[in-house]
Amino acid sequence: MGSYGFLFKYLVLAQFAAVGYGLFIALMLLLILVFTVGMLWGQTSLLYAIKDSQEGIGIKESYRRGWHKIVSYWWISILAWFIILGGFLLLIAPGIIFWVWFSLAIYILISEDVKGMDALLKSREYVKGHWGGVFWRLIFMSALYLIIYFIPVIILDFIEIPLAEQISQFIVGLFLAPLFTIYLFLVYSNLKAIKDEFVSAPTRGKRLPYVFIAILGFLVIPAMLFATVFFSLNTARYRARDAKRIADLKQLQVALELYYDESGSYPLTLNELSPRYIAVPVDPKTNNPYDYQRQGETDYKICAQLEDKTEKCFSSQSQ
Numbered sequence: 000m001g002s003y004g005f006l007f008k009y010l011v012l013a014q015f016a017a018v019g020y021g022l023f024i025a026l027m028l029l030l031i032l033v034f035t036v037g038m039l040w041g042q043t044s045l046l047y048a049i050k051d052s053q054e055g056i057g058i059k060e061s062y063r064r065g066w067h068k069i070v071s072y073w074w075i076s077i078l079a080w081f082i083i084l085g086g087f088l089l090l091i092a093p094g095i096i097f098w099v100w101f102s103l104a105i106y107i108l109i110s111e112d113v114k115g116m117d118a119l120l121k122s123r124e125y126v127k128g129h130w131g132g133v134f135w136r137l138i139f140m141s142a143l144y145l146i147i148y149f150i151p152v153i154i155l156d157f158i159e160i161p162l163a164e165q166i167s168q169f170i171v172g173l174f175l176a177p178l179f180t181i182y183l184f185l186v187y188s189n190l191k192a193i194k195d196e197f198v199s200a201p202t203r204g205k206r207l208p209y210v211f212i213a214i215l216g217f218l219v220i221p222a223m224l225f226a227t228v229f230f231s232l233n234t235a236r237y238r239a240r241d242a243k244r245i246a247d248l249k250q251l252q253v254a255l256e257l258y259y260d261e262s263g264s265y266p267l268t269l270n271e272l273s274p275r276y277i278a279v280p281v282d283p284k285t286n287n288p289y290d291y292q293r294q295g296e297t298d299y300k301i302c303a304q305l306e307d308k309t310e311k312c313f314s315s316q317s318q
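Right, here's the structure in full:
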């Protein structure tokens, strides 16, 4: 009964542990979802506050209007991100071109209620003929953003204030991000005034190339995950083999000292240690014996080649 009682307690504890891990994962996913929705909601409400500033709408009304655009804003951002990523995979230049073309899509969503791929392609039409001007404005604002971001980090790190980077991120997000959004909204408004009102009705033929590029960009994610897991497993495998080699050398070192205590000298070969002192181990990758050299009767050198091609050696003087 004692053993059954122990097994029962173990199973109960294991079940509670599994439930605990499940709740933790669910809670983390919920927090990520809440954070993402909150971030998107803040962006859409800010855009409405800028767009409808002449109406004098307050914070509450901005958030009310922004709530209905969260999903559309997220979808446009995902589409643009995948297409830009796919462009960078094809060559660097297409990714930069797409980045500039689609930089106004979220403003088109809020101002003109054009969604998804239509918003991206209409953004391209606005930028067409003014690509260089939009590009340099984006570069200028990005450079300004980075400079203002890193200056507080450097200062706070210099005076050794903890959480310097997090504090800087908060400051930048609170003050600079809205200015960046306002600036790009003005760029969009100027281009819209230049181009006048027009209806963008992209055909299926115009959409398909971007759909294929977006799929290519999407495939990067599982490829990156696979590469990360693959390299992590390889790294773990390399470390495990190196740890095995060092452990083998230490065991051989003990066996050699036992041999020396009984014989007054070290053996000519490692085979003399077997089977009395140790079953002589071999390299876990090559299955070859470790390199052993007796250096006189009172010393030796035994080495293993590690994964990075360096050698780890022990002698009678090694601890």
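Under numbering that gives the first Met the number 0, the first residue of the sequence shown carries the number 0, and numbering increases by one thereafter. Positions of the beta carbon are idealized from the N, C-alpha and C atoms, including for glycine.
Per DSSP, the continuous alpha helix (DSSP H) segment holding F184 begins and ends at A176 to K194. Here S317 carries a coil assignment [DSSP, helix/strand/coil].
Here Y299 is bridged, per DSSP, to R293. Burial check for Q294: the Cβ neighbour count within 10 Å stays below 16, so the residue is exposed. The DSSP-derived three-state label of P274 is coil.
Close CB contacts of I277 within its chain, under the 7 Å cut and outside five residues either way in sequence, are with Q250, L251 and A254 (chain order). If the five residues before and after L108 are omitted, its C-beta is found closer than 7 Å to the C-beta atoms of K68, S71, Y72, I75, K114 and A118, all from its own chain and listed in chain order.
In the DSSP assignment, D117 falls within the unbroken alpha helix (DSSP H) covering G115 to V126. In the DSSP assignment, F97 falls within the alpha helix (DSSP H) that extends over I91 to W100.
Take W100, set aside five residues on each side of it, and the residues of its chain with a beta-carbon closer than 7 Å to its own are S122, R123 and V126, in chain order.
As DSSP reads the structure, P288 sits in a beta bridge with V281.
A distance below 6 Å between beta-carbons, with the five flanking residues on each side excluded, links K50 to the following residues of its chain, in chain order: I109 and S110. Contact between the stretch 24 to 33 and the stretch 74 to 93 is not established, with fewer than three Cβ pairs separated by less than 8 Å. Proximity of the stretch 179 to 191 to the stretch 55 to 62 falls short of the contact definition, fewer than three beta-carbon pairs being nearer than 8 Å. Annotated three-state conformation of K68 is coil, per DSSP. Here K308 carries a coil assignment [DSSP, helix/strand/coil]. Taking 8 Å as the cut-off, the beta carbon of P283 is found closer than this to the beta carbon of K243. Between E310 and C302, the CB-CB gap stays under 8 Å. Taking the Cβ atoms as the reference, L45 lies roughly 16 Å from S102, outside the contact range of under 8 Å. A contact is defined here as three or more CB-CB pairs under 8 Å, and the stretch 208 to 228 meets this definition with respect to the stretch 78 to 85.
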